[in-house]
Each structure stands twice: as structure tokens, then as C-alpha cells.
Ligand SMILES: N[C@@H](CCC(=O)N[C@@H](CS)C(=O)NCC(=O)O)C(=O)O
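Residue numbers (our numbering): 10 to 218.
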């Protein structure tokens, strides 16, 4: 299997970390958007959205990070991180949808304004956008922290792909000054993900903690 990826991106490193955690060997190809590599005709044939990650397994091509987490999770016998139980899958899917629809949007606004824009010559952070991002992260952070109260992991008290997905922005929390202070349940839960060897191996250094 081959993964086209951007190692610094929170949509990307959880996929690579899950593959390592499950012991699934991947050939990894780093793409550089600054060199137009995500807009090349060859890459657009794989993903017309021009985005990473993309997983290629023989003739099968899959884009969208959360779909790739499901695919990798399903590859392992027993599929413990993407369990067969229907309600567990629905619960996990709920968190994967929430991650993209709400969580990553708020965090992504702050990543863009505070970490990425400047690297691409986009100038100083826009205070209105920062305010918008801060409000979203606080609002959805409260949702996540409340859910995690009294729970070890997001779904069924065991590690699943939902944890890999929802933890995605947290390694960059300090660098992007995500307003998560006081969310002790998030901190405790994320500590377990951060302790995974495969997670540590794939963190986007030098930004990540
Ligand atoms: N919803 C997509 C988002 C993918 C995405 O936005 N990838 C960005 C990096 S965070 C990308 O590849 N950007 C390169 C570009 O637009 O040229 C997913 O989760 O896979």
C-alpha cells in the first residue's frame, strides 16, 4: 500500500500513525504543495480534490483521512480499532463526522492563521478569523471534554480509530495556542494517545508536542 501525504498536516499524520500502530507496512510518498505536487495531473487523477492523504492499495484508491482510518482499521484481523459491532461503528462514525464538520474546522482556522499562512507569505493573522477559530475551539472543546468525563476513550472504553481522528489537532495545540486550558478530561484522554509509540513517531516536528 502506498500513502501520499503531507507529514506536517493533522489530516495526515494520524493515518500514518494508525498504520504504524497496527503494523501495516506503507510506502510513503511526501508531496510538497509549495512545488505544486498536489496539483500535478498524475496526482489529480488519484484525488481530483488535490488533497492528501491518499491511500493506494493495488487498484483501489481512497481519499479522505477518516475513510482511510476505517480502511486500515478493517485490514487487521479482529479489527479491534474498527470493531464489527454495528452500534460501535455508528458511534465511531459519529465522531469521525464531528471531527471534520466541527472540530477540525475550528482548530484548522487557528492553524491556518497562526502557523501556516505566514509560511506561505500570507501575512499576519487576521484577528477576526482568530476570534472565530477561538470561539469554535472553545465551544466544541467543551463538547469533547464533557463527553470524555468518566470515559477512558471516545467509544466503548477502548482505543478506536475515533481516538486517532479526534486527537489529530492536539499535537499542534500549543504551537497554535488552541484555547483548551481547563479541559482536564481532554488532557487526560489525549495523554493516552500521546503515549502511543506510533503516535510519537509520526508527530509533526518541530511544531508538535
Ligand atoms: N477532508 C480531507 C482534508 C484533506 C486536506 O485538507 N489536506 C490538506 C492538508 S491539511 C492538503 O492536502 N492540502 C494540499 C493542497 O490543498 O494543495 C481529509 O481529511 O483527508
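Glycine residues also receive a C-beta, built at the ideal position from the N, C-alpha and C atoms.
Fair warning: this is a prediction, and the values are worked out from it, not measured in the lab.
According to DSSP, residues forming a beta bridge with residue i
i	result
residue 66	69
residue 13	38, 63
residue 5	Given a span of 10 to 218 for the chain in the structure shown, any question on residue 5 remains unanswerable.
For residue i, three-class secondary structure by DSSP
i	result
residue 119	helix
residue 191	coil
residue 91	coil
residue 102	helix
residue 46	coil
residue 75	helix
residue 200	helix
residue 214	coil
residue 85	coil
CB of residue i within 7 Å of CB of residue j, strictly
i	j	result
residue 78	residue 193	no
residue 115	residue 142	yes
residue 12	residue 35	yes
residue 74	residue 24	yes
residue 188	residue 212	no
residue 168	residue 85	no
Rounded distance between the beta-carbons of residue j and residue i, thought under 8 Å
i	j	result
residue 20	residue 62	7 Å
residue 198	residue 149	With a Cβ gap of about 15 Å, residue 198 and residue 149 do not count as contacting.
residue 40	residue 15	6 Å
residue 106	residue 91	About 15 Å; that fails the 8 Å criterion.
residue 195	residue 27	Their Cβ separation, rounded to whole angstroms, is 20 Å, which puts residue 195 and residue 27 out of contact at 8 Å.
residue 29	residue 207	4 Å
residue 163	residue 104	5 Å
Delimiting residues of the alpha helix (DSSP H) encompassing residue i
i	result
residue 177	Per DSSP, residue 177 belongs to no alpha helix (DSSP H) and is neither H nor E.
residue 27	22–31
residue 50	50–55
residue 209	206–210
residue 136	136–157
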